[in-house]
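full-length UniProt numbering puts the first residue of the sequence shown at 1, with every later residue one more than the last.
So the structure is just underneath, and the comments pick up after that.
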Amino acid sequence: MSVPFHDYQGNMMEGEARDLRKDKLLQDDRFDSGLDSLKEDEYTAIMKDINELRIDVPSDTPYCEPEPWKKEVNEDGDTFLHLAIIHEENTLVKEAIRRSYKDHCYLNKQNNLHQTALHLAVITEQHEISQFLFEAGCDPEIQDFRGNTALHIACKQGSLRGVGVIFQHCEKQLPALLKSVNYDGHTCLHLASIQGYLALVEILIAKGADVNAQEPCNGRTALHMAVDLQNYDLMSLLLNFGADVNRVTYQGYSPCQLTWGRNNMLIQQQLVEVTQKNLQYLPESEEEDSSDSDYEYNDDELMYDDCIIGGMPLH
């Protein structure tokens, strides 16, 4: 049975009457969202979920055009704040920080060496300025052109006060800072160990630094570095804090094996006592296995059999 075709457009053109009530019903069906069929508690639950999805923009941080002096930088990329810190103009520094409160873009701006105001404050050991910068909202995790954070610099300089200010204001960021490595692969603990700052080494480990962290170049730990530096006191301190004497470098050397051929026998004696046997001595190389009698002269050496020194033949 065929269904008759109705050309509604044609019928309308011909002036046939159209039932507007039917059109209204069609529109209602087409645009019905289904809200009318929801129960009141279901509707309330949906509206609650929608409200939770909204992003609240803080009302206390309105966008404003930066002041002209904040846009000024010199040929080295230093801002007004950078230069004021470098020249230790404390009055200007404090005023610039006050007028940049929570202006993270300006406070964390980096010069051509990727140094922020905090880097410069730590380098120049202006600890009060470092504190003001933290209170204004600076970021302690930014790295300079060598990959050093402000904490790296403070540790390399042996600045107990500098480290103390950073610890005081960076409780949340501290785990990340202690794990952070510079572009040489060194953590803050590595730098403090290399410089021999025992007090800093103790503080860093107490704050959660990994005493067995390996630098990525050849896998040395702070204990390996202590042996390389022949620093007995550093070695003893690291052992007291649980340094792993059996941790090996990427070439397979333990700290004890690195003591052979070095002068400080006390370091060697103490490490031998606590290191497992297969990691106490250097592995025998192929050169050590071969004796002098096995040496074979090459053709160039055999050419000269008539050499004379002081009138006496060599052979």
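Just so you know, even glycine gets a beta-carbon here, dropped at the ideal spot from N, CA and C.
Residue i - DSSP class collapsed to helix/strand/coil
{"i": "V73", "result": "strand"}
{"i": "T79", "result": "strand"}
{"i": "L282", "result": "coil"}
{"i": "N240", "result": "helix"}
{"i": "E202", "result": "helix"}
{"i": "P175", "result": "helix"}
{"i": "P68", "result": "helix"}
{"i": "Q276", "result": "coil"}
{"i": "D228", "result": "helix"}
{"i": "C155", "result": "helix"}
{"i": "A209", "result": "coil"}
{"i": "C256", "result": "coil"}
{"i": "V245", "result": "coil"}
{"i": "D233", "result": "helix"}
{"i": "Q214", "result": "coil"}
{"i": "D184", "result": "coil"}
{"i": "D41", "result": "helix"}
{"i": "Q268", "result": "helix"}
{"i": "I123", "result": "helix"}
{"i": "I142", "result": "coil"}
{"i": "V57", "result": "Bear in mind that a pLDDT of 49 at V57, under 50, signals an unreliable position, so the number given afterwards is only what the model happens to contain. Three-state result, V57: coil."}
Start-to-end residues for the alpha helix (DSSP H) that takes in residue i
{"i": "G164", "result": "L160 to H169"}
{"i": "E128", "result": "H127 to A136"}
{"i": "Q98", "result": "With the sequence shown as reference, residue 98 is identified as Arg, and Gln is not the correct amino acid for it. N90 to R98 is the extent of the alpha helix (DSSP H) around R98."}
{"i": "Y106", "result": "H104 to L107"}
{"i": "L113", "result": "First-last for L113: undefined, no H or E at that position."}
{"i": "Q195", "result": "C188 to Q195"}
Supposed contact pair residue j and residue i - C-beta distance, whole angstroms, cut 8 angstroms
{"i": "Y281", "j": "Q257", "result": "7 angstroms"}
{"i": "G162", "j": "A154", "result": "4 angstroms"}
{"i": "I85", "j": "L107", "result": "That belief does not hold up - the Cβ atoms of I85 and L107 are roughly 12 angstroms apart, past 8 angstroms."}
{"i": "residue 358", "j": "A150", "result": "Because the chain is modelled from 1 through 315, residue 358 falls outside the range shown and cannot be assessed."}
{"i": "N111", "j": "H87", "result": "So it is not a contact: roughly 14 angstroms between Cβ atoms."}
{"i": "L174", "j": "G219", "result": "Contact doesn't hold; Cβ gap of about 25 angstroms is too wide."}
{"i": "Q126", "j": "D144", "result": "That pair is no contact at about 17 angstroms."}
{"i": "residue 349", "j": "I267", "result": "The structure shown does not extend to residue 349, since the chain spans only 1 to 315, so no value can be given for it."}
{"i": "F241", "j": "V272", "result": "About 20 angstroms separates the two Cβ atoms, so there is no contact after all."}
{"i": "A222", "j": "A243", "result": "7 angstroms"}
{"i": "N246", "j": "Q214", "result": "Rounded, the Cβ-Cβ distance is 13 angstroms, inconsistent with contact."}
{"i": "K94", "j": "F132", "result": "6 angstroms"}
{"i": "G261", "j": "C217", "result": "Going by Cβ atoms, the distance from G261 to C217 rounds to 21 angstroms, so no, they are not a contact pair."}
{"i": "L239", "j": "L198", "result": "Rounded, the Cβ-Cβ distance is 13 angstroms, inconsistent with contact."}
Any non-hydrogen atom of the ligand ZN within 7 angstroms of residue i CB
{"i": "L198", "result": "Because no ligand of any kind appears in the structure shown, any question about the ligand ZN cannot be addressed here."}
Query raised in the report: Are there three or more Cβ pairs, one per stretch, closer than 8 angstroms when the region 188-199 is compared with the region 166-175?
Result: no
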